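Visitor: Before we start, here is the structure in question, set down as structure tokens.
Protein chains: 2
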Amino acid sequence: MQIERPYLLVLGDARDQLAAKTAGGIAHWRPDWCVGQWRLAGCKADLGLKDMDARQARERGAKTVVIGVANRGGVLGKDWIPLLVQAVEMGYDLASGLHQSLSAVLEIRAAADKHGRKLIDVRIPDREFDVGSGAKRPGKRLLTVGTDCSIGKMYTSLAIEKEMRSRGMKADFRATGQTGILIAGSGVSVDAVVADFISGATEWLAPANDPDHWDAIEGQGSLFHASYAGVSLGLLHGAQADALVMCHEPTRTHMRGLPHYPLPPLKDCIALNESLARLTNPAAKCVAVSINTSALDKQAADRFLKETEDKLGLPAVDPLRTGVGKIVDRLGA
Amino acid sequence: MQIERPYLLVLGDARDQLAAKTAGGIAHWRPDWCVGQWRLAGCKADLGLKDMDARQARERGAKTVVIGVANRGGVLGKDWIPLLVQAVEMGYDLASGLHQSLSAVLEIRAAADKHGRKLIDVRIPDREFDVGSGAKRPGKRLLTVGTDCSIGKMYTSLAIEKEMRSRGMKADFRATGQTGILIAGSGVSVDAVVADFISGATEWLAPANDPDHWDAIEGQGSLFHASYAGVSLGLLHGAQADALVMCHEPTRTHMRGLPHYPLPPLKDCIALNESLARLTNPAAKCVAVSINTSALDKQAADRFLKETEDKLGLPAVDPLRTGVGKIVDRLGA
Chain G
1 MQIERPYLLV LGDARDQLAA KTAGGIAHWR PDWCVGQWRL AGCKADLGLK
51 DMDARQARER GAKTVVIGVA NRGGVLGKDW IPLLVQAVEM GYDLASGLHQ
101 SLSAVLEIRA AADKHGRKLI DVRIPDREFD VGSGAKRPGK RLLTVGTDCS
151 IGKMYTSLAI EKEMRSRGMK ADFRATGQTG ILIAGSGVSV DAVVADFISG
201 ATEWLAPAND PDHWDAIEGQ GSLFHASYAG VSLGLLHGAQ ADALVMCHEP
251 TRTHMRGLPH YPLPPLKDCI ALNESLARLT NPAAKCVAVS INTSALDKQA
301 ADRFLKETED KLGLPAVDPL RTGVGKIVDR LGA
Chain Y
334 MQIERPYLLV LGDARDQLAA KTAGGIAHWR PDWCVGQWRL AGCKADLGLK
384 DMDARQARER GAKTVVIGVA NRGGVLGKDW IPLLVQAVEM GYDLASGLHQ
434 SLSAVLEIRA AADKHGRKLI DVRIPDREFD VGSGAKRPGK RLLTVGTDCS
484 IGKMYTSLAI EKEMRSRGMK ADFRATGQTG ILIAGSGVSV DAVVADFISG
534 ATEWLAPAND PDHWDAIEGQ GSLFHASYAG VSLGLLHGAQ ADALVMCHEP
584 TRTHMRGLPH YPLPPLKDCI ALNESLARLT NPAAKCVAVS INTSALDKQA
634 ADRFLKETED KLGLPAVDPL RTGVGKIVDR LGA
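Same order as they appear, the protein sequences are chains G and Y.
Each residue of the first sequence is one higher than the one before, starting from 1 at the first, in the working numbering.
Each residue of the second sequence is one higher than the one before, starting from 334 at the first, in the working numbering.
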């Protein structure tokens, strides 16, 4: 799955900023890839990009129209369909993170077939994978893991890639979810592969590399999440991570979507991830904790980070507040 | 996925008994469902059933032709296709455990459409699942787990169902793999569901039931298998098993398909399965060990079972040699 750049980001008629979260992530992490934002009447989101339609963006070199907006039910707005068909006719590829497949919309598929354009549904893997081999491969890999879903794993991985590159290290973010794939321009939505191939897809995604090259792999779910732990374990085994970074949100009261399940203690979650990771990489080690402190004021955030460091004997950062320099310090330049 | 009975078992031109392993399992566990075996010229397998073709079996009431034979590459033999088309025309459904989908063979699909017959590819789930909820549900459940793949989990689960029923207990085998599904007449191939839905598919497969009803769920893979552990963990969480039975083969030198991975010690494998199972059922407990001692002589087998019992403090059985009575004793009548 390879997405041509630069992008025009469709915000459609997003009812608020949160509905355009995916597009927001792309604009934040890859501003150079974003020619502009395309908003329809009634749109309440704004990414601070230049407003333009498909024609204007095309003149500025945009190659892919990216639908980075969540709708009720994850389906395409009816109003968008003729506009997307026109975009295909102008020569655009389309990429979407919605649940509804672009190819399932007959008008869009017909236009893409006729004009030889690609329709990229980033939630749906576009190739088959081998089962995981467990064979050791060169290159260094870091995997973000978590006490829960949606807790900062993608953000932390991207921040680490950025920090490593700024220090001249060889590093690549490896995307395993829809927003990450649009930000990376490639990747595999590992929770959408056939169950037998979770670890195999991860081995493919983060392949053998130079001995001093780091893959910063986006984790998914949590070993303690009753719905998704299988995905997390396959990813952990396939990653063969040298370094784990544990992600956490200190004010969350229960596992996402599971009101009766509390979050695990950080210490237990680190121990279990390390222990299971060592099946495929006996040197696997948690090197740091990444805390999303956005719900705390600065003082409380600082205190929580300090207490966490003291308790666990590991660096604790908030990528937004403190950056991830302390993590990369531990991984050598 | 519901398969009409009774069956006619196709052995085709199986080159040896092992190639007809799936059909052999059906004939062993469900002799009453098998009207006969259908062998083509050159077939070297024999299940001891009456030889007959589709026409003869139809007269004896057979409703589904079951392709229970493994071929090189898991594809349908070319010679079989016209015979299977004829079977569909006679009113049969077809069920297959091959990798190649029946529906992918145009002649077969056309005949099934025309005559309104079902084509059942047991490897391919025929419905969508919800993500696992982790919500506690009534009924008792037993899950077979293992130190490795293909180590006796299906056989043990079926033996437990049979023993429970012979004691008048309410029990159902729940199939999670191709052979098991053909033996049960229904089930879900959990390694073939989309990764996000492993635990959800398992919750669906073994739903709420009477408080004194047991589901004997067929396990898959191993938490220590670098290729498939994600499937095993999703299954463990979805099963919410009260009782785990650990399956093992004492002469195996490495994990199946992974020459560099040794089998885990039984004790560690039990401890990890119990510990992870307790996320969704805090009462989960390993109640016994099921050993496939077929590679040992009787004396060595008896010794191994005795030593295992002494070391682990759990009953150790070989379903073939000793039966599983000792396991069911622990589960109450």
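For each residue, glycine too, the CB sits at the ideal point set by N, CA and C.
Please read these numbers as outputs of a predicted model, since none were measured by experiment.
What are the boundary residues of the alpha helix (DSSP H) that F304 (chain G) is part of?
Guide: Within the first sequence, residue 304 (chain G) is the residue found at index 304, counting from 1. Here the alpha helix (DSSP H) through F304 (chain G) covers K298 to L312.
Visitor: Taking all protein chains shown into account, decide if A283 (chain G) is buried (16 or more other Cβ within 10 angstroms of its Cβ) or exposed.
Guide: Taking the first sequence and counting its residues from 1, the one referred to as residue 283 (chain G) is at position 283. Exposed, by the Cβ-count rule.
Visitor: When DSSP labels each residue in this structure, what does V398 (chain Y) get in the three-state scheme?
Guide: As a first step, residue 398 (chain Y) is located in the second sequence; it is residue number 65 there, counting from the start. Looking at V398 (chain Y) - three-state DSSP - the assignment turns out to be strand.
Visitor: Round the Cβ separation of P250 (chain G) and L182 (chain G) to the nearest angstrom and send it over; I've been treating them as touching at under 8 angstroms.
Guide: For this step, residue 250 (chain G) is matched to residue 250 along the first sequence. For this step, residue 182 (chain G) is matched to residue 182 along the first sequence. 29 angstroms between Cβ atoms; not a contact.
Visitor: Does the CB of V188 (chain G) have a neighbour CB from chain Y at under 8 angstroms?
Guide: Against the first sequence, residue 188 (chain G) aligns to sequence position 188. No, because no Cβ of chain Y sits closer than 8 angstroms to the Cβ of V188 (chain G).
Visitor: Among Y:W371, Y:H361 and Y:D365, which residue has its Cα nearest to the Cα of A347 (chain Y)?
Guide: Along the second sequence, read from residue 1 onward, the residue named residue 347 (chain Y) stands at position 14. A347 (chain Y) has its Cα closest to that of Y:W371, out of Y:W371, Y:H361 and Y:D365.
Visitor: In whole angstroms, what is the alpha-carbon distance linking N281 (chain G) and D242 (chain G)?
Guide: Counting from one through the first sequence, the residue named residue 281 (chain G) turns up at place 281. Counting from one through the first sequence, the residue named residue 242 (chain G) turns up at place 242. Roughly 7 angstroms separates the two Cα atoms.
Visitor: Going by DSSP in three states, C367 (chain Y) sits in which element: helix, strand or coil?
Guide: Counting from one through the second sequence, the residue named residue 367 (chain Y) turns up at place 34. Looking at C367 (chain Y) - three-state DSSP - the assignment turns out to be strand.
Visitor: For chain Y, check one thing: does any of its Cβ atoms lie closer than 8 angstroms to the Cβ of D191 (chain G)?
Guide: Taking the first sequence and counting its residues from 1, one reaches residue 191 (chain G) at position 191. It does; some Cβ of chain Y falls within 8 angstroms.
Visitor: Can you give the beta carbon distance from F129 (chain G) to A201 (chain G), rounded, assuming they're within the 8 angstroms contact cut?
Guide: Locating residue 129 (chain G) in the first sequence gives position 129, counting from the first residue. Locating residue 201 (chain G) in the first sequence gives position 201, counting from the first residue. Their Cβ separation, rounded to whole angstroms, is 4 angstroms, which keeps F129 (chain G) and A201 (chain G) in contact under 8 angstroms.
Visitor: Tell me the rounded alpha-carbon separation between I336 (chain Y) and S483 (chain Y).
Guide: On the second sequence, residue 336 (chain Y) is found 3 positions in, with the first residue counted as 1. On the second sequence, residue 483 (chain Y) is found 150 positions in, with the first residue counted as 1. I336 (chain Y) and S483 (chain Y): Cα-Cα distance of roughly 24 angstroms.
Visitor: Measuring straight from C-alpha to C-alpha, what distance separates D212 (chain G) and L142 (chain G)?
Guide: For the purposes of this step, residue 212 (chain G) is taken as residue 212 along the first sequence, with counting starting at 1. For the purposes of this step, residue 142 (chain G) is taken as residue 142 along the first sequence, with counting starting at 1. Looking at the two C-alpha atoms, the distance is approximately 12 angstroms.
Visitor: Only counting the same chain, and skipping five residues up and downstream in sequence, which positions put a Cβ closer than 8 angstroms to that of L276 (chain G)?
Guide: Taking the first sequence and counting its residues from 1, the one referred to as residue 276 (chain G) is at position 276. Contacts found: L223, L233, L236 and H237.
Visitor: Over the uninterrupted alpha helix (DSSP H) stretch that includes T144 (chain G), give me the two end residues.
Guide: In the first sequence, counting from the first residue as 1, residue 144 (chain G) sits at position 144. Segment K140 to G146 is the beta strand (DSSP E) holding T144 (chain G); no alpha helix (DSSP H) there.
Visitor: Is there a Cβ of chain G sitting closer than 8 angstroms to that of D548 (chain Y), yes or no?
Guide: Translated into positions along the second sequence, residue 548 (chain Y) becomes position 215. No - not a single Cβ of chain G is within 8 angstroms of the one on D548 (chain Y).
Visitor: Less than 8 angstroms between the C-beta atoms of A62 (chain G) and L8 (chain G), yes or no?
Guide: In the first sequence, the residue the question calls residue 62 (chain G) occupies position 62. In the first sequence, the residue the question calls residue 8 (chain G) occupies position 8. Going by C-beta atoms, A62 (chain G) is nearer than 8 angstroms to L8 (chain G).
Visitor: Would you identify the three-state DSSP class for L416 (chain Y), choosing helix, strand or coil?
Guide: Residue numbering aside, residue 416 (chain Y) sits at position 83 when the second sequence is read from its first letter. The answer is helix: DSSP assigns L416 (chain Y) an H, G or I state.
Visitor: Rounded to whole angstroms, what's the CA-CA distance from V75 (chain G) to F530 (chain Y)? Just pull it up for me.
Guide: To locate residue 75 (chain G), count along the first sequence from 1; it is residue 75. To locate residue 530 (chain Y), count along the second sequence from 1; it is residue 197. Taking the straight line from one Cα to the other gives about 20 angstroms.
Visitor: What number of angstroms, rounded off, separates the C-alpha of E440 (chain Y) from the C-alpha of I414 (chain Y)?
Guide: Position 107 of the second sequence, counting from 1, holds the residue named residue 440 (chain Y). Position 81 of the second sequence, counting from 1, holds the residue named residue 414 (chain Y). Approximately 8 angstroms between the Cα atoms of the pair.
Visitor: Jot down the residue ranges of each uninterrupted beta strand (DSSP E) in the segment 411-455 of chain Y, minimum 3 residues, whole runs only, in chain order.
Guide: 426-429 and 452-454
Visitor: Between which two residues does the beta strand (DSSP E) harbouring Y155 (chain G) extend?
Guide: Residue 155 (chain G) sits at position 155 when you count from the first residue of the first sequence. The continuous stretches of beta strand (DSSP E) do not include Y155 (chain G), which lies in the alpha helix (DSSP H) extending over residues K153 to S166.
Visitor: Could you please give me the residues that DSSP links to A316 (chain G) through a beta bridge?
Guide: As a position in the first sequence, residue 316 (chain G) is number 316, starting the count at 1. Per DSSP, G:V289.
Visitor: Any C-beta of chain G sitting closer than 8 angstroms to the C-beta of G465 (chain Y)?
Guide: Here residue 465 (chain Y) refers to the residue found at position 132 when the second sequence is read from its first residue. True, the Cβ-Cβ gap to chain G drops below 8 angstroms.
Visitor: Please compile the residues from chain Y whose C-beta is within a distance smaller than 7 angstroms of the C-beta of S199 (chain G).
Guide: Here residue 199 (chain G) refers to the residue found at position 199 of the first sequence. Correct list: A559, S560 and G563.
Visitor: Looking only at its own chain, which residues have a Cβ that is under 8 angstroms from the Cβ of R117 (chain G), when we skip the five neighbours before and after it?
Guide: Here the question's residue 117 (chain G) lines up with position 117 in the first sequence. Cβ within range, chain order: V88, G91, Y92, D93, L94 and A111.
Visitor: Just verifying my parser: in three-state terms, what is the DSSP assignment at S232 (chain G)?
Guide: Here the question's residue 232 (chain G) lines up with position 232 in the first sequence. Looking at S232 (chain G) - three-state DSSP - the assignment turns out to be helix.
Visitor: With a floor of 4 residues, list each alpha helix (DSSP H) that falls wholly inside the segment 165-220 of chain G, ordered by position along the chain.
Guide: 178-184 and 198-205
Visitor: Quick one: which chain G residues come within Cβ less than 7 angstroms of L566 (chain Y)?
Guide: By one-based count along the second sequence, residue 566 (chain Y) stands at place 233. Result: A229, G230 and L233.
Visitor: Just the chain G side, please: which residues come within less than 7 angstroms of L599 (chain Y) by C-beta, in chain order?
Guide: If you number the second sequence from 1, residue 599 (chain Y) lands on position 266. Residues of chain G passing the Cβ test: none, with the nearest at roughly 16 angstroms.
Visitor: Is it buried or exposed for D148 (chain G), if we count other Cβ within 10 angstroms and need 16 for buried?
Guide: For this step, residue 148 (chain G) is matched to residue 148 along the first sequence. By the 10 Å Cβ count, D148 (chain G) comes out buried.
Visitor: Considering only the beta carbon of each residue, do G467 (chain Y) and L258 (chain G) sit closer than 8 angstroms?
Guide: Looking up residue 467 (chain Y) in the second sequence gives position 134. Looking up residue 258 (chain G) in the first sequence gives position 258. Yes.
Visitor: Measure the Cβ-Cβ separation of V478 (chain Y) and L577 (chain Y) and say whether it is below 8 angstroms.
Guide: Taking the second sequence and counting its residues from 1, one reaches residue 478 (chain Y) at position 145. Taking the second sequence and counting its residues from 1, one reaches residue 577 (chain Y) at position 244. Result yes, Cβ atoms of V478 (chain Y) and L577 (chain Y) sit closer than 8 angstroms.
Visitor: What does the alpha-carbon distance come out to for the pair W362 (chain Y) and E218 (chain G)?
Guide: Position 29 of the second sequence, counted from the first residue, corresponds to residue 362 (chain Y). Position 218 of the first sequence, counted from the first residue, corresponds to residue 218 (chain G). The alpha-carbon atoms of W362 (chain Y) and E218 (chain G) are separated by roughly 45 angstroms.
Visitor: Looking only at its own chain, which residues have a Cβ that is under 7 angstroms from the Cβ of G658 (chain Y), when we skip the five neighbours before and after it?
Guide: Counting from 1 along the second sequence, the entry for residue 658 (chain Y) is found at position 325. For G658 (chain Y), where only same-chain residues beyond five positions count, the Cβ hits under 7 angstroms are E496.
Visitor: Return the CA-CA distance between A192 (chain G) and D601 (chain Y), expressed in angstroms with no decimal places.
Guide: In the first sequence, counting from the first residue as 1, residue 192 (chain G) sits at position 192. In the second sequence, counting from the first residue as 1, residue 601 (chain Y) sits at position 268. Rounded to the nearest angstrom, the two C-alpha atoms are 31 angstroms apart.
Visitor: Tell me R39 (chain G)'s beta-bridge partners as DSSP assigns them.
Guide: Position 39 of the first sequence, counting from 1, holds the residue named residue 39 (chain G). Per DSSP, G:G12.
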